[in-house]
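I have placed the structure first, in the form of structure tokens, so that the comments after it can refer back to it.
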Amino acid sequence: MKYSLPTRFSLISPQLFRIRGQRVREQGIIRQPTWILLPRMQSIAMALLLSSSAAVYLALLRLDAVNGIWPVALFLSAMAALFLLYALAIRVVSHSSAAATWKWVMAGALLFRLILIPAGLPARSGDKAALLAKDLAGSAVTYERFLLFDNDIWRYLWDGHATASGVNPYRFAPADEAVDRVAEGSVVWSEIRENVSFPTVPTIYPALGQMVFRFSHWLAPGSVAAMKMVLVAFDLVAAVFLALTLRATGQNPALAVVYAWNPLVVKVFAGSGHVDAVAVACLAAMGYFLAKARPGFAGVCLGLAVLAKLSPLVLLPFFWRRAGWRATVVVFGVVGLGYAPFAGAGPGLVAGLLTFGKFWQFNAGPYELFRRMGSLVLPLHSPVSPEVAAKTVCGLLFALVLWRVWRRESPSTAMANEVAPVLGWLLLLSPTAMPWYLTWALPAAVVARQWVWVWWTATVCLSFLVMIDGRERWFILAAEYGILLAVWWSRNLVGKGLEEKRRTS
Amino acid sequence: MNKLALLFVALMIPVAAVAQGSGSVTPSTGTVGPGGGDPFEVTKTIKLTVVEVRANGTIAVKDETGQAVVVKVEKSVSISAEKGTELAGQKKMKIDRLEPGMVIRATYRVSDNIVVAIRILKVKKVA
Chain S
1227 MKYSLPTRFS
1237 LISPQLFRIR
1247 GQRVREQGII
1257 RQPTWILLPR
1267 MQSIAMALLL
1277 SSSAAVYLAL
1287 LRLDAVNGIW
1297 PVALFLSAMA
1307 ALFLLYALAI
1317 RVVSHSSAAA
1327 TWKWVMAGAL
1337 LFRLILIPAG
1347 LPARSGDKAA
1357 LLAKDLAGSA
1367 VTYERFLLFD
1377 NDIWRYLWDG
1387 HATASGVNPY
1397 RFAPADEAVD
1407 RVAEGSVVWS
1417 EIRENVSFPT
1427 VPTIYPALGQ
1437 MVFRFSHWLA
1447 PGSVAAMKMV
1457 LVAFDLVAAV
1467 FLALTLRATG
1477 QNPALAVVYA
1487 WNPLVVKVFA
1497 GSGHVDAVAV
1507 ACLAAMGYFL
1517 AKARPGFAGV
1527 CLGLAVLAKL
1537 SPLVLLPFFW
1547 RRAGWRATVV
1557 VFGVVGLGYA
1567 PFAGAGPGLV
1577 AGLLTFGKFW
1587 QFNAGPYELF
1597 RRMGSLVLPL
1607 HSPVSPEVAA
1617 KTVCGLLFAL
1627 VLWRVWRRES
1637 PSTAMANEVA
1647 PVLGWLLLLS
1657 PTAMPWYLTW
1667 ALPAAVVARQ
1677 WVWVWWTATV
1687 CLSFLVMIDG
1697 RERWFILAAE
1707 YGILLAVWWS
1717 RNLVGKGLEE
1727 KRRTS
Chain C
192 MNKLALLFVA
202 LMIPVAAVAQ
212 GSGSVTPSTG
222 TVGPGGGDPF
232 EVTKTIKLTV
242 VEVRANGTIA
252 VKDETGQAVV
262 VKVEKSVSIS
272 AEKGTELAGQ
282 KKMKIDRLEP
292 GMVIRATYRV
302 SDNIVVAIRI
312 LKVKKVA
């Protein structure tokens, strides 16, 4: 019996329906029947998961996210509950028709983000609406300095304000006396300036990030909520492009739930407001245009992604192999155009980034291991510091990864198969693996079905334990990366072995 | 990738040795940022009016509701003044420069309620 697809189910691959709920012989393999939810049950299940998740997000709003065991424990408990609901949602979606779950996926994506926009307003404040109104009007700073344990957003607001005032943020750090005039005379801007972390370092955010900050400043100067909304818009664009890419590659578009409902994604973009949402949206768009064989548009998107976050530069060789030199020239053209308005800063364009590369370290896995090994092995007055040695080893390992991915993949497969491991490994071997960086590889991981990167978005939450007292602990890192390793091991080695055994039997 | 996985596992084995505390490795993993500041220290700000500056590194203040409290100020507190105030532009000020009636915005560490930064605001009120 062949399953005939109703027109409204045309979003989903027919292949998916043929193999579900019946015993079929395909490529010599007898597939066992798999369960599929009835349409009404699908909607009920998704509604329950959506409302439960929304309740947990609402509870997060009441959390006073400060240092200490209890605030961090409560936060991690909420994240654990959200990840459990998220896992169930993925399960429901992957056993349902796209038509039944698609609307729920998008409704949840929007609702969760809207709920977390006020995150960072004083937790015990009764009248959050009034505080939100003051923030949007730019009449007062009503958000706390830390928004669910993160405070990068103040730099974004300051950079937008500096650009609007004719100050090049690559040239002048927020603490420079030369920019006193930008803040003086305004209580709001002097407070925002004081909230910026590392105020003696010029901005590290690339040109598209600056343009987004300027746009948000144009919408509502000094407003944290407006900045969050702009970034959440990019985040939602990423979810939509992911769904379109899934459809274009013959997969269930509702699997965009893996990105759209991911609690880390919701927390870092809607809760804390990180600019990485712009890069994620551009990368997701690039994947879509490549899937639709539009290399020119894909080149523009990769160029924009590089302008939002420099890390997608590592994808250039793979992009060139797929899209050709013309599209690669487009990438460089977009990057050049994007930086043109800030060119006056000269070497200052990279000053902040160089400081970042030299000093920052957080949540490092293999890098930290090599650094520690280096400090044990290298002599006390060695000309090579453990940090340099660890960076060299990680760099070599990353080169090996690039080579392996280059050899393994071919232009006939989706580029997501290259984007996910390349960006994933880049972070894995990096001295700094901030939780929000993990979102870069997530849309590609969904398309390529490389679930280990999705797992990492859950285990990386352990890094928030640093907020207890500001100290990272080895056993937390070991747990985060150990779980990841176990998942990888089971999926890549044990899982493949079982699959092979099943095929041969 | 399987070989890389094995390599990764092999490289992770020495973690056990390091984790035992062998060698001279400190338990902290050395999270750093430029300037040596602690990027994970949650601070909050509050608008206060100075009532009295005491010799023991504390100041008596009252908040916007009029409630009086005594707050401890860190020795290395950073004090700055807004343009238009008497102390504007002065560097490296100590808390003895504060005067009763001054309106300040105090930034305090949530973990121990110690004030780490003070900004003298333009508006002045009589205590």
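Sequences listed follow chains S and C, in order. Going left to right, the first sequence walks through residues 1227 to 1731 as our numbering numbers them. Going left to right, the second sequence walks through residues 192 to 318 as our numbering numbers them. Glycine included, C-beta positions come from ideal geometry on N, C-alpha and C.
Burial of residue 295 of chain C is indicated by the presence of at least 16 other C-beta atoms within 10 angstroms of its C-beta. Selection S/1640, S/1538, S/1521 evaluated against residue 1550 of chain S yields S/1521 as nearest (Cα-Cα). Here the alpha carbons of residue 1314 of chain S and residue 1502 of chain S stand approximately 27 Å from one another.
A straight-line Cα-Cα distance of about 16 Å links residue 261 of chain C and residue 236 of chain C.
Neighbourhood of residue 283 of chain C in chain S, by CB distance below 7 Å: empty, with the nearest CB roughly 14 Å away.
Spanning the alpha carbons of residue 232 of chain C and residue 245 of chain C requires a straight line of approximately 26 Å.
Residue-level contact by beta carbon fails for residue 1350 of chain S and chain C, as no gap is shorter than 7 Å.
For residue 1349 of chain S, the secondary structure class from DSSP, reduced to helix, strand or coil, is coil. Residue 247 of chain C sits exposed, since fewer than 16 C-beta atoms from the chains shown fall within 10 Å of its C-beta. Taking 7 Å as the threshold, the shortest C-beta distance from residue 1680 of chain S to chain C does not fall below it.
A Cβ-Cβ distance of about 6 Å is found for the pair residue 1380 of chain S and residue 1418 of chain S, placing them in contact under the 8 Å criterion. Identification of chain C residues near residue 1303 of chain S by a Cβ-Cβ cut-off of 7 Å yields none; the smallest Cβ-Cβ distance measures about 19 Å. The shortest CA-to-CA distance from residue 1580 of chain S to any of S/1691, S/1558, S/1396 is the one to S/1396. With a 10 Å radius around the Cβ and a threshold of 16 neighbouring Cβ atoms, residue 1359 of chain S comes out exposed.
Short of 7 Å from the beta carbon of residue 1635 of chain S, and not among the five residues preceding or following it, lie these beta carbons of its own chain, in chain order: 1643, 1644. By the neighbour-count criterion, in which 16 or more other beta carbons inside 10 Å mark a residue as buried, residue 1292 of chain S falls on the buried side. Residue ranges of uninterrupted alpha helix (DSSP H) with 4 or more members are absent from the segment 1267-1317 of chain S; none lies entirely inside it.
Along the segment 261-287 of chain C, the positions whose C-beta sits under 7 Å from a C-beta of chain S are 273, 274, read in chain order.
When the Cα atoms are used, residue 1393 of chain S and residue 1424 of chain S turn out to be separated by approximately 18 Å. Sequence-ordered contacts of the segment 1370-1393 of chain S with chain C read 1370, 1371, 1372 [C-beta pairs closer than 7 Å]. In the displayed model, residue 1639 of chain S falls within coil according to three-state DSSP, outside both helix and strand. Rounded to the nearest whole angstrom, the C-alpha separation of residue 1631 of chain S and residue 1648 of chain S is 8 Å. Take residue 1399 of chain S, set aside five residues on each side of it, and the residues of its chain with a beta-carbon closer than 7 Å to its own are 1425, 1426, 1427, 1428, in chain order.
Inter-residue distance for residue 1655 of chain S and residue 1481 of chain S is about 28 Å (C-alpha atoms, whole angstroms).
Within the segment 1488-1506 of chain S, no residue places its CB atom closer than 7 Å to a CB of chain C. In this structure, the beta-carbon distance from residue 1349 of chain S to residue 1290 of chain S falls below 7 Å. Closest option to residue 1390 of chain S, judged by alpha-carbon separation, among S/1301, S/1444, S/1459, S/1508: S/1444. Excluding residues up to 5 positions away in sequence, 1394, 1397 lie with their Cβ nearer than 8 Å to the Cβ of residue 1570 of chain S in the same chain.
Taking 7 Å as the threshold, the shortest C-beta distance from residue 306 of chain C to chain S does not fall below it. In terms of beta-carbon proximity, residue 1410 of chain S lines the interface with chain C, with at least one pair separated by less than 7 Å. Shown in chain order are the members of the segment 1687-1716 of chain S whose Cβ falls below 8 Å from a Cβ of chain C: 1692, 1693, 1695, 1696, 1697, 1698, 1699, 1700, 1701, 1703, 1704, 1707, 1708, 1711, 1714, 1715. Restricting attention to S/1618, S/1385, S/1460, S/1591, the CA atom closest to the CA of residue 1448 of chain S is found in S/1385.
The beta carbons of residue 1548 of chain S and residue 1637 of chain S sit closer together than 7 Å. Residues of chain S whose Cβ lies closer than 8 Å to the Cβ of residue 232 of chain C are, in chain order, 1293, 1696. Closest option to residue 259 of chain C, judged by alpha-carbon separation, among C/278, C/268, C/239, C/302: C/239.
At a cut-off of 4 residues, the continuous stretches assigned as alpha helix (DSSP H) that sit fully inside the segment 1445-1510 of chain S are 1450-1474, 1483-1486, 1489-1492.
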